[in-house]
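Quick note on my numbering: the sequence shown kicks off at 6 and runs consecutively. C-beta atoms are modelled at their ideal positions from N, C-alpha and C, and glycine is treated no differently. Bear in mind that the values here come from a model prediction, so they are computed numbers and not experimental data. Contents: one structure, followed by commentary.
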Amino acid sequence: MAAKLNLSEPPDSDKSSLSDQSVSSRSSNRSLRVAEKEQKKNEAEDPFVVALQYFSDVEAGTPVHGNDDVERNLVLVEKVAYYRGLTPEAISIMLEFAMSLRMGTTLCARVLKFLIPASVVPQQAVVRAVVWLGVCKIPVTTQILFIKWVLTVFDMIDAKDQLRAVYGFIFSFVTDENLCPFICHLLYLLTRKESVRVFRVRKLLELQSKLGRQPFLMNLLSLYKVFCPELVTLSIPSRTKSGFRNHNMPWKSALIAVQKRNGSQVASSLSLASTVKDKTNPRKRKHWHLDLPVLSAVLSKEAQTGPSTSRKVVPLVQIHSFAQLLENMHRIELPAQMGSLLGSSLALQYLDCVQDESALLRLNFWLGYALHEELLFCSDGGASQNSEEALQFLNRLLSTQHFLQEGFSSSETFLYKFLNVWDGSLLRPQILGLLSNIPVVPSSKIGQLLFEPLMQLFFTSSLFFKCGLMECLNNMLLKWLTWHSVYALEDDLDISLNSHTSINMTLSGFKDSVMELVDFVGRLASVGLQLVGCHSLLLSFILDFYDTVCDMFLKYGLPLVVMPPHGVFYPALCASDPVTIDRLAYIMHRYKVNLTSAKTQEKNTEQAFHISRQTFREFNHYTVVMVNCLWNSKMFQPAMGVQIGEELLLKSNVPEYWKRFDLIHHPAFMSYAVDFHQKCWPGRKDTDLNSIKHSKPWSWYLEYLFNQGYDGLKQFVQSNISRKLTAGDS
Numbered sequence: 006m007a008a009k010l011n012l013s014e015p016p017d018s019d020k021s022s023l024s025d026q027s028v029s030s031r032s033s034n035r036s037l038r039v040a041e042k043e044q045k046k047n048e049a050e051d052p053f054v055v056a057l058q059y060f061s062d063v064e065a066g067t068p069v070h071g072n073d074d075v076e077r078n079l080v081l082v083e084k085v086a087y088y089r090g091l092t093p094e095a096i097s098i099m100l101e102f103a104m105s106l107r108m109g110t111t112l113c114a115r116v117l118k119f120l121i122p123a124s125v126v127p128q129q130a131v132v133r134a135v136v137w138l139g140v141c142k143i144p145v146t147t148q149i150l151f152i153k154w155v156l157t158v159f160d161m162i163d164a165k166d167q168l169r170a171v172y173g174f175i176f177s178f179v180t181d182e183n184l185c186p187f188i189c190h191l192l193y194l195l196t197r198k199e200s201v202r203v204f205r206v207r208k209l210l211e212l213q214s215k216l217g218r219q220p221f222l223m224n225l226l227s228l229y230k231v232f233c234p235e236l237v238t239l240s241i242p243s244r245t246k247s248g249f250r251n252h253n254m255p256w257k258s259a260l261i262a263v264q265k266r267n268g269s270q271v272a273s274s275l276s277l278a279s280t281v282k283d284k285t286n287p288r289k290r291k292h293w294h295l296d297l298p299v300l301s302a303v304l305s306k307e308a309q310t311g312p313s314t315s316r317k318v319v320p321l322v323q324i325h326s327f328a329q330l331l332e333n334m335h336r337i338e339l340p341a342q343m344g345s346l347l348g349s350s351l352a353l354q355y356l357d358c359v360q361d362e363s364a365l366l367r368l369n370f371w372l373g374y375a376l377h378e379e380l381l382f383c384s385d386g387g388a389s390q391n392s393e394e395a396l397q398f399l400n401r402l403l404s405t406q407h408f409l410q411e412g413f414s415s416s417e418t419f420l421y422k423f424l425n426v427w428d429g430s431l432l433r434p435q436i437l438g439l440l441s442n443i444p445v446v447p448s449s450k451i452g453q454l455l456f457e458p459l460m461q462l463f464f465t466s467s468l469f470f471k472c473g474l475m476e477c478l479n480n481m482l483l484k485w486l487t488w489h490s491v492y493a494l495e496d497d498l499d500i501s502l503n504s505h506t507s508i509n510m511t512l513s514g515f516k517d518s519v520m521e522l523v524d525f526v527g528r529l530a531s532v533g534l535q536l537v538g539c540h541s542l543l544l545s546f547i548l549d550f551y552d553t554v555c556d557m558f559l560k561y562g563l564p565l566v567v568m569p570p571h572g573v574f575y576p577a578l579c580a581s582d583p584v585t586i587d588r589l590a591y592i593m594h595r596y597k598v599n600l601t602s603a604k605t606q607e608k609n610t611e612q613a614f615h616i617s618r619q620t621f622r623e624f625n626h627y628t629v630v631m632v633n634c635l636w637n638s639k640m641f642q643p644a645m646g647v648q649i650g651e652e653l654l655l656k657s658n659v660p661e662y663w664k665r666f667d668l669i670h671h672p673a674f675m676s677y678a679v680d681f682h683q684k685c686w687p688g689r690k691d692t693d694l695n696s697i698k699h700s701k702p703w704s705w706y707l708e709y710l711f712n713q714g715y716d717g718l719k720q721f722v723q724s725n726i727s728r729k730l731t732a733g734d735s
């Protein structure tokens, strides 16, 4: 019995430990209950909570004038909103109070101005407020203020499905002339393919006939035309003003201040391109918010999993591999903020594969807003020169354009304006990189848009800027020629230069644009070489450009041959380094190959293009000059292109001046000639370079030069000079 008792009951020590555990458990539970009661008591006594409760319970018709309670509570909520922002619950309470006009219209505008969200905005609160627009007699100015607020916090709304469900109700306000610009902007953000209907297109066209070709109507119609081109027969210009006006000024600085205090990025389109005004210097702007937004879904988690979703969509943020992208290609939900696409390689692959025009329109709108606000309107050059955010932003934009192999229309428009205020040093590599991605510009506009500002910058900037601009223009020409070779249609010779835009250009128009660009670079190069004393670095970048120009016909299929100007050819021929001479010889060799092929095609086919005799005369003249200069030792002779008075040449006291630029005495090859002479005649004490001109040493000397890696010179000699070999030359 004792044994049974010992087995069934714990010993005294165990009993004491169990009793201690139960006591501690009861004490901990009691402390939790006390803490909860204390927390509820503190919340009940919190003035902010009391103020929110007041606005939640206030009855309609309560007077405003002489009411100290409403003023005290309103000031309290206003202070909290401007300091740390309002929670979603506070946003719902205050928005409902304002739009329902419980205390008249005097407080509505004031409440809307301090609705600064701390995190997200509840979609249901926005929908209820939109419904109040059609119920209450809210003044027009207050209605406009509310729509501006919705546009400002649009990307902070936790979901958009219910807003899209009342698309037709929102569209009904488009007939109000005062609300129309703002309603069109909101509709632009909410529009999907299923939103486009015939009666809506007809209503917008009626408004256009009444109000004129307003930008807000044209932008909404352009989006409608992307989704349903068969419904919108209106021709919309490809270069129409893109985007809508920004209306976020009442909340701009307050949102940024709240964002900085909370230490987290506010996911709003406003925060991408807005700054806090510096009171000490009102013109100074800082790039606080050029960081790319985080890739996030449009719908909240509850909305995605709820039964109300009519179609299964996969947010782009949930795609983690290219295989998943292929599986869900036609069910992908674009992010709430299109700028986040620039930071995701998978998103760019989706954009490149699907070529969603609506996504590109939204992305161009976001990008144009960010570029104009942060870079175009900060011409003081203060903090912008040291902005790490701007540098990273432009580098990301450049990598995106390289990935897509084309530029964005918004960055193109930005560059046309920015070049007129650019000093040539601010973010120079990034700006020149963006400039090189500009698509083909019509020849009638290229001078005003590009050449005039670039010419002023070129002649007033340093040598390194001149070299950078030459490299940029060379890359621009390469992009143009590549687009031509990829998108050219052999049947009608009509080319579509950009698969994501409606820019179409005939072959003759494309040739005119390329011709204008090559002529412009020729003028810059000729004068620029004179300004810098024919600096070898600038000359190298110029020859890079003509390395592209000389092969336009054979390499890129463009029926055009343009020779370099005299101001480029002769400085390169008289350069002091052998690499420049070798590159010039290679370029002239490629010109001959292209011209010969074009001439053969002209004789054999009827559709071949015609090369002017002036081009052949220029090429023949350059070839004769090079042969007589480098091979025949006839520099400065009559009809040689370089005309210098004989009296001046005699005063120089240079013996046999007509030989000073051949392959032996040329400043670029003199060191090779001396080295060859020493190797060929090691026992000689005197150096007689003219002895190299004999038949056998001359052939050896040429092979010696060619073995140094000067293949361009070798090709030029082999294609333009017929050498007679003696028996011992081999």
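### Message
I need the boundaries of the alpha helix (DSSP H) containing Gln535, first residue and last residue.
### Response
Here residue 535 is taken as the residue at index 530 of the sequence shown, counted from 1. Where Gln535 is concerned, the enclosing alpha helix (DSSP H) stretches over 512 to 536.
### Task
Note down, one range per segment and in chain order, each beta strand (DSSP E) of at least 3 residues found wholly within the segment 434 to 501.
499 to 501
### Message
What does the alpha-carbon distance come out to for the pair Pro186 and Leu106?
### Response
Looking up residue 186 in the sequence shown gives position 181. Looking up residue 106 in the sequence shown gives position 101. Between the alpha carbons of Pro186 and Leu106 lies a distance of about 25 Å.
### Query
From Leu468 to His671, what distance separates their C-alpha atoms?
In the sequence shown, the residue the question calls residue 468 occupies position 463. In the sequence shown, the residue the question calls residue 671 occupies position 666. The alpha-carbon atoms of Leu468 and His671 are separated by roughly 26 Å.
#### Entry: From Pro702, Leu239, Tyr87, residue whose alpha carbon lies closest to that of Glu211
Here residue 211 refers to the residue found at position 206 when the sequence shown is read from its first residue. Nearest C-alpha to Glu211: Leu239.
### Task
Can you say whether Ala65 is buried or exposed, counting buried as having 16 or more other CB atoms within 10 angstroms of its CB?
Numbered from 1 along the sequence shown, position 60 holds the residue referred to as residue 65. Exposed, by the Cβ-count rule.
### Query
Exposed or buried, His407, counting other C-beta atoms within 10 Å across all chains shown (16 or more means buried)?
Position 402 of the sequence shown, counting from 1, holds the residue named residue 407. The residue in question, His407, is exposed, as its Cβ has fewer than 16 Cβ neighbours within 10 Å.
### Task
May I ask you to report which of helix, strand or coil DSSP gives Glu64?
Within the sequence shown, numbered from 1, the residue matching residue 64 stands at position 59. In this structure, Glu64 counts as coil in the three-state DSSP scheme.
### Task
Could you check if Met640 is buried or exposed, using at least 16 other CB atoms within 10 Å of its CB as the buried criterion?
The count along the sequence shown starts at 1 and reaches residue 640 at position 635. Counting Cβ neighbours within 10 Å, Met640 comes out buried, since at least 16 surround it.
### Beta-ladder partner(s) of Leu91, from DSSP
For the purposes of this step, residue 91 is taken as the residue at position 86 of the sequence shown. Paired residues: Pro122.
### Query
Is the beta carbon of Ile96 less than 8 Å from the beta carbon of Pro122?
If you number the sequence shown from 1, residue 96 lands on position 91. If you number the sequence shown from 1, residue 122 lands on position 117. Yes, they are a contact pair.
### Reduced DSSP category for Pro320 - H, G, I as helix; E, B as strand; rest coil
Your numbering for residue 320 matches position 315 in the sequence shown. Note: Pro320 maps to strand in three-state DSSP.
### Task
Let me know the secondary structure DSSP gives Ile616 once reduced to three states.
To locate residue 616, count along the sequence shown from 1; it is residue 611. In the structure shown, Ile616 sits in coil (DSSP, three-state: anything other than H, G, I, E or B).
#### Entry: Alpha carbon of Thr628 to alpha carbon of Val519, nearest angstrom
For the purposes of this step, residue 628 is taken as residue 623 along the sequence shown, with counting starting at 1. For the purposes of this step, residue 519 is taken as residue 514 along the sequence shown, with counting starting at 1. Each residue's Cα considered, the two are about 25 Å apart.
### In DSSP terms, what Glu338 is bridged to
The sequence position of residue 338 within the sequence shown is 333, counting from 1. According to DSSP, Glu338 bridges with Pro320.
### Query
Ile162 bridges to which residues according to DSSP?
Position 157 of the sequence shown, counted from the first residue, corresponds to residue 162. Within the DSSP secondary-structure output, Ile162 pairs in a beta bridge with Val126.
### Query
In chain order, what residues of the same chain have a beta carbon less than 8 Å from the beta carbon of Arg266, not counting five sequence neighbours either side?
Taking the sequence shown and counting its residues from 1, one reaches residue 266 at position 261. The residues are Tyr88, Arg89.
### Message
Could you compute how far the alpha carbon of Ser414 sits from the alpha carbon of Met343?
### Response
The count along the sequence shown starts at 1 and reaches residue 414 at position 409. The count along the sequence shown starts at 1 and reaches residue 343 at position 338. Using only the alpha carbons, I get a separation of about 15 Å.
### Task
Can you have a look at Ser617 and say buried or exposed, based on whether 16 or more other CB atoms are within 10 angstroms of its CB?
Indexing the sequence shown from 1 puts residue 617 at position 612. Exposed.
### Query
Hey, how far is the Cα of Gly527 from the Cα of Pro570?
Taking the first residue of the sequence shown as 1, we reach residue 527 at position 522. Taking the first residue of the sequence shown as 1, we reach residue 570 at position 565. Their Cα atoms are separated by approximately 6 Å.
### Message
With H, G and I counted as helix, E and B as strand and the rest as coil, what does DSSP make of Arg588?
### Response
Counting from 1 along the sequence shown, the entry for residue 588 is found at position 583. Correct three-state label for Arg588: helix.
### Task
Measure how close the beta-carbons of Glu338 and Val318 come, nearest whole angstrom, since I'm counting them as under 8 Å.
Here residue 338 is taken as the residue at index 333 of the sequence shown, counted from 1. Here residue 318 is taken as the residue at index 313 of the sequence shown, counted from 1. Confirmed, about 4 Å.
### Query
Over what stretch of residues does the alpha helix (DSSP H) that includes Ser415 continue unbroken?
As a position in the sequence shown, residue 415 is number 410, starting the count at 1. Looking at the DSSP string, the run of the alpha helix (DSSP H) that includes Ser415 is 414 to 423.
### Query
Buried or exposed: Phe721, going by 16 or more other Cβ atoms within 10 Å of its Cβ?
As a working note, residue 721 is residue 716 in the sequence shown. Per the 10 Å Cβ criterion, buried.
### Task
State the Cα-Cα distance for the pair Thr605 and Ser724, rounded to the nearest angstrom.
In the sequence shown, the residue the question calls residue 605 occupies position 600. In the sequence shown, the residue the question calls residue 724 occupies position 719. If I take the Cα positions, the gap works out to 17 Å.
### Message
Between Pro93 and chain B, is the shortest Cβ-Cβ distance under 8 Å, so that the two count as touching?
### Response
The structure shown has no chain B; it contains just one protein chain.
#### Entry: Whole-Å CB distance - Phe176 paired with Leu192, under 8 Å assumed
For the purposes of this step, residue 176 is taken as residue 171 along the sequence shown, with counting starting at 1. For the purposes of this step, residue 192 is taken as residue 187 along the sequence shown, with counting starting at 1. Their Cβ separation, rounded to whole angstroms, is 6 Å, which keeps Phe176 and Leu192 in contact under 8 Å.
### Task
Pick helix, strand or coil for Arg202, following the three-state DSSP scheme.
Residue numbering aside, residue 202 sits at position 197 when the sequence shown is read from its first letter. Of the three classes helix, strand and coil, the one that applies to Arg202 here is coil, per DSSP.
### Message
Which of the three DSSP states is assigned to Lys142 in this structure?
### Response
For the purposes of this step, residue 142 is taken as the residue at position 137 of the sequence shown. Note: Lys142 maps to coil in three-state DSSP.
### Query
Count the other CB atoms within 10 Å of the CB of Leu536; is the residue buried (16 or more) or exposed (fewer)?
As a first step, residue 536 must be located in the sequence shown, where it is residue number 531. Burial call: exposed.
### Query
Per the contact definition of three or more C-beta pairs closer than 8 Å, is the segment 473 to 482 in contact with the segment 427 to 439?
yes
#### Entry: Per-residue burial, Ala530 [other beta carbons within 10 Å of its own, 16 or more giving buried]
Mapped onto the sequence shown, residue 530 falls at position 525. By the neighbour-count rule (16 or more Cβ atoms within 10 Å), Ala530 is buried.
### Query
Roughly how many whole angstroms lie between the Cα atoms of Leu225 and Leu184?
Within the sequence shown, residue 225 is the residue found at index 220, counting from 1. Within the sequence shown, residue 184 is the residue found at index 179, counting from 1. Taking the straight line joining both Cα atoms gives about 14 Å.
### Message
Between which two residues does the alpha helix (DSSP H) holding Ala262 run?
### Response
In the sequence shown, counting from the first residue as 1, residue 262 sits at position 257. Element bounds for Ala262: 257 to 267.
### Query
Pick from Cys358, Met223, Leu403: whose alpha carbon is nearest that of Leu347?
Position 342 of the sequence shown, counted from the first residue, corresponds to residue 347. Among Cys358, Met223, Leu403, the Cα nearest to that of Leu347 is on Leu403.
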